[in-house]
Structure formats: structure tokens, C-alpha cells
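Taking my numbering, the leading residue of the sequence shown gets 4, the next gets one more, and so forth.
Just so it is clear, CB atoms sit at the ideal spot from N, CA and C, and this is done for glycine as well.
Here's the structure we're looking at; comments come further down.
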Amino acid sequence: MKAWQCGLTPNRNDMRLTDLPEPSGEVVIRIHAASVNFSDLLMAEDRYQVKPPRPFIPGQEIAGVVVSAPKGAGFAPGDRVMSKINWGGFADYVSVPAHMPIAIPADLTFVQAAAMPVAYITAMVGLTECSTVSPGDWVLVHAASGATGLA
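So, in C-alpha cells, the structure goes:
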């Protein structure tokens with residue numbers, strides 16, 4: 004498979020398109036879209052709280068089609084899913100634990116779904132768990148050009 008892989012140095016410009024073996028694991032997904040988050044850039048520079056072993060494939064939000072899944076996982080080959088992952092999304096395939104994929108609603112594209120697991124959930128938690136926003140309230144969003152602000 005093809006994957007964008009960060010090299011051995013903490014530099015986001017040290018990323019190369021590489022050939023790697025396809026992953027195996029619980030739920031294997033053929034990626035159709037992946038989002039780029041600020042945390043991906045920080046991770047590439049070793050400035051994020053999560054520091055994967057180098058070299059690594061960045062990308063924490065993906066959407067695609069299930070290739071394989073164990074019985075009882077709730078998903079079958081051909082199902083459209085999105086998932087948050089720790090890293091590995093900038094590749095053709097990814098393997099995720101069976102509890103991670105979320106079915107993509109029929110009215111969402113892969114590109115739209117790829118922004119849901121991190122950016123939209125972060126915005127939702129900010130508005131519902133970290134505040135007392137109610138219907139009819141106004142919300143001022145600073146720095147709305149980022150994914151969470153746009154969500």
C-alpha cells in the first residue's frame with residue numbers, strides 16, 4: 004500500500020510517500036478520505052502529547068470501506084465507516100480496534116465523514132459538555148478557520 008510516512012527527524016517537511024505492507028488486525032479499512040488536523044502537524048514535529056515511534060504514518064481521522072472484520076464486530080466488508088485513530092490515516096489502509104469504527108450515514112460523503120471523529124466531536128463536546136449553551140444562545144467562535152471552529 005502507499006502511505007505518507009514521517010521520517011526519523013521531528014520535521015513535518017520530512018514526509019515521504021512510501022510503499023508498506025497492508026495492515027492486518029481487527030477491522031481493516033480501505034481509506035477513501037482522511038482529514039488533516041493541527042495535532043497531526045504537531046505530532047510530526049514531536050510537539051504533541053502523543054509521540055508515535057518513528058517512522059510513522061500521521062492522520063487521525065479517516066473514512067472508508069471495511070475490507071475485513073471479525074464476527075461480532077458489528078461491521079462487514081463493504082460497510083462505509085469513519086474512525087478516529089491514534090495515527091496511520093494517511094495511507095491506503097488502516098486497521099482499527101472493533102469498537103472504533105462508526106457507520107457513515109447515507110447522506111454523508113467520505114470527505115464529510117472524515118472530519119467527524121475528531122473535529123466535530125471536539126466541537127460538540129465543547130458546546131455540550133464544557134459549557135451551558137442552550138437553544139437560542141449565541142456563541143462566539145474565535146479562530147474559526149480551523150476544523151473545530153468550522154464545525
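Look at the alpha carbon of residue i and the alpha carbon of residue j, and state the distance between them as a whole number of angstroms.
i, j, result
"residue 89", "residue 37", "13 Å"
"residue 62", "residue 138", "34 Å"
"residue 56", "residue 12", "11 Å"
"residue 35", "residue 127", "24 Å"
"residue 135", "residue 125", "15 Å"
"residue 106", "residue 132", "23 Å"
"residue 140", "residue 80", "43 Å"
"residue 118", "residue 68", "16 Å"
Would you mind stating whether residue i and residue j have Cβ atoms separated by less than 9 Å?
i, j, result
"residue 25", "residue 95", "yes"
"residue 97", "residue 31", "yes"
"residue 121", "residue 130", "no"
"residue 78", "residue 150", "no"
"residue 116", "residue 154", "no"
How is residue i classed by DSSP in three states: helix, strand or coil?
i, result
"residue 66", "strand"
"residue 116", "helix"
"residue 42", "helix"
"residue 151", "helix"
"residue 107", "coil"
"residue 47", "helix"
"residue 31", "strand"
"residue 121", "helix"
"residue 143", "coil"
"residue 93", "coil"
So is residue i in contact with chain C if we call contact Cβ pairs under 9 Å?
i, result
"residue 144", "Absent here is chain C; the protein component of the structure consists of one chain."
Would you give the residue range spanned by the alpha helix (DSSP H) that residue i belongs to?
i, result
"residue 2", "With the chain covering 4 to 154 only, the question about residue 2 has no answer from this structure."
Following the continuous beta strand (DSSP E) through residue i, name the residue where it begins and the one where it ends.
i, result
"residue 7", "5-9"
"residue 84", "83-87"
"residue 135", "Residue 135 -> no beta strand (DSSP E), and no H or E assigned at all."
To the nearest whole angstrom, what separates the beta carbons of residue i and residue j, a pair I think is in contact under 8 Å?
i, j, result
"residue 58", "residue 28", "With 8 Å as the limit, residue 58 and residue 28 do not qualify as a contact, their Cβ atoms being about 19 Å apart."
"residue 101", "residue 72", "7 Å"
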